[in-house]
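Residues 1 to 206 (UniProt numbering) are what the first sequence spells out, left to right. Note that beta-carbon positions come from the ideal geometry of N, C-alpha and C, so glycine has one too. First the structure, in the form of structure tokens, and then the observations on it.
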Amino acid sequence: MSWTDERVELLKKMWSEGQSASQIAKELGGVTRNAVIGKVHRLGLSNRSGGGAPQQATPAAAAPAAPPKPEAPKAKPSAPVTPAAATPKREAPAEARPAAEPAAPAAPAMSAARRAIIPAGQPLPPQPSANEISPEALAKVSEIEKKAKRLTLMELTERTCKWPVGDPATEDFWFCGLPVQQGKPYCEAHVGVAFQPMSSRRDRKR
DNA sequence: CCCTGATTCGC
DNA sequence: GCGAATCAGG
């Protein structure tokens, strides 16, 4: 693979968006994160500042080269607003057993998809959910989504949060990807809304 | 251990 | 110019 114009463009775009070198490498394909970092430096844009600097820059970095930033702060269209913050709460699986957890990501993702067939982008509140997740947990989730790695299904590993965000039927769909909590399939924030203690349903008339 | 970016240096 | 190896850090 070589650094074609298109690839460089994507690199620039992603880098200024705050994506990590490894994520960019995955997206580009055919290159390692080292290659990406190397290119970033050769392009002289190690200074990420194009609208927002959310990452965690290395404090000890005396970069002598700090050329002007030609990249204009292109408005990031990605939907920061996600109904998913409230969406998945409905299917929050109240699992009490810390054992076996099959295809965790598929479950919530799919169920969200089938219902999304109706309205896309509108809150889908029907469905009398019989559980209330602490507002704190939900707030935490919407916040965490800003820092999410936004991985694709293929990029998920055993230690990346598999919480789905967005509508699987659209481009705006990804998995959290943040570091999972010990043994769980989700990150801390998502574990909070995914695993509910058995409650609010003392009457399990069946 | 997982991850991050920074730098070096043979190619 | 490129990027693996390495370094330094969280």
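Which residue from the options puts its Cα closest to that of residue i?
i: residue 194; options: 163, 169, 34; result: 163
i: residue 177; options: 23, 38, 18, 4; result: 23
i: residue 4; options: 21, 173, 36, 140; result: 36
i: residue 186; options: 198, 168, 141; result: 141
i: residue 137; options: 155, 196, 7, 165; result: 196
i: residue 144; options: 157, 34, 175, 171; result: 175
i: residue 135; options: 166, 192, 184; result: 192
i: residue 190; options: 25, 6, 148, 154; result: 148
State the DSSP-derived secondary structure class of residue i, mapped to helix, strand or coil.
i: residue 135; result: helix
i: residue 224; result: What the structure shows of the chain is the stretch from 1 to 206, and residue 224 is not part of that stretch, so it cannot be assessed.
Starting from residue i, trace the alpha helix (DSSP H) in both directions and tell me its first and last residue.
i: residue 192; result: 188–194
i: residue 40; result: 33–42
i: residue 28; result: 21–28
Which whole-angstrom value describes the C-beta separation of residue i and residue j, a residue pair presumed to lie in contact below a C-beta threshold of 8 Å?
i: residue 290; j: residue 48; result: The question about residue 290 has no answer here: the residues shown for the chain are numbered 1 through 206.
i: residue 13; j: residue 45; result: Not quite, the Cβ-Cβ distance comes to about 11 Å (not below 8 Å), so this is no contact.
i: residue 159; j: residue 179; result: 6 Å
Tell me which residue opens and which closes the beta strand (DSSP E) that residue i is part of.
i: residue 15; result: From DSSP, residue 15 is part of no beta strand (DSSP E) but of the alpha helix (DSSP H) over 5–16.
i: residue 165; result: 164–166
Please return the same chain residues whose Cβ sits closer than 6 Å to the Cβ of residue i, not counting the five positions on each side in sequence.
i: residue 30; result: 1
Can you list, in chain order, the residues of its chain whose CB lies under 8 Å from that of residue i, leaving out five sequence neighbours each side?
i: residue 27; result: 10, 14, 19
Excluding five sequence neighbours on each side, which residues of the same chain lie with their C-beta closer than 7 Å to the C-beta of residue i?
i: residue 32; result: 25
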